[in-house]
């Protein structure tokens, strides 16, 4: 047994997996009818959103702090304040994220570890009541 600790970023497969996760997430948002409200609050071209989510998740999961180096502190709630995020948009975002993880992260325990803080983050981002 080793005392070496690895990050979630390393455990899920590093850069390749984070790229695949963010790519799949936005593909699902674009394709799933049940994600239409979430999709509607995003720009027509999702490439910028995908790049920023990739940067954020890289650091969030324990990889290089790419997002912070480019943009400073995430301040995610204030950065998203202009987008009307209610429980429907939040739940649709979570649906896409959950399915993207199922598609790209093989280990169910790792998905479970990642899910709880992602779910809390999504609830924190909600800025309107329905």
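Numbering (the working numbering), first residue to last: 4 to 133.
Each residue gets a CB set at the ideal place from its N, CA and C atoms; glycine is no exception.
Note that the coordinates shown come from a computational prediction; the quantities given were computed from them, not determined experimentally.
Nearest-angstrom beta carbon gap, residue j and residue i [assumed within contact, 8 Å]
i: residue 125; j: residue 93; result: 5 Å
i: residue 89; j: residue 132; result: 7 Å
i: residue 25; j: residue 56; result: 5 Å
Segment limits, alpha helix (DSSP H) that includes residue i
i: residue 6; result: It is not in any alpha helix (DSSP H) - residue 6 carries neither H nor E in the DSSP assignment.
i: residue 92; result: 90-107
i: residue 120; result: 111-128
i: residue 54; result: 50-63
i: residue 26; result: 18-34
i: residue 86; result: Run containing residue 86: none; DSSP gives neither H nor E here.
Member of the options whose CA lies at the smallest distance from the CA of residue i
i: residue 13; options: 55, 91, 77 and 60; result: 60
i: residue 123; options: 97, 39 and 37; result: 97
i: residue 42; options: 19, 116, 86 and 66; result: 86
i: residue 32; options: 22, 44 and 21; result: 44
i: residue 38; options: 63, 130 and 102; result: 102
i: residue 40; options: 55, 67, 99 and 24; result: 99
i: residue 23; options: 70, 53 and 34; result: 53
i: residue 67; options: 21, 106 and 46; result: 21
i: residue 71; options: 81, 47, 58 and 105; result: 58
i: residue 182; options: 105, 128 and 127; result: An answer regarding residue 182 cannot be provided, because it is not within the stretch 4 to 133 covered by the chain.
- Looking at C-beta atoms only, is the number of pairs between the segment 75-93 and the segment 12-30 that lie closer than 8 Å three or more? no
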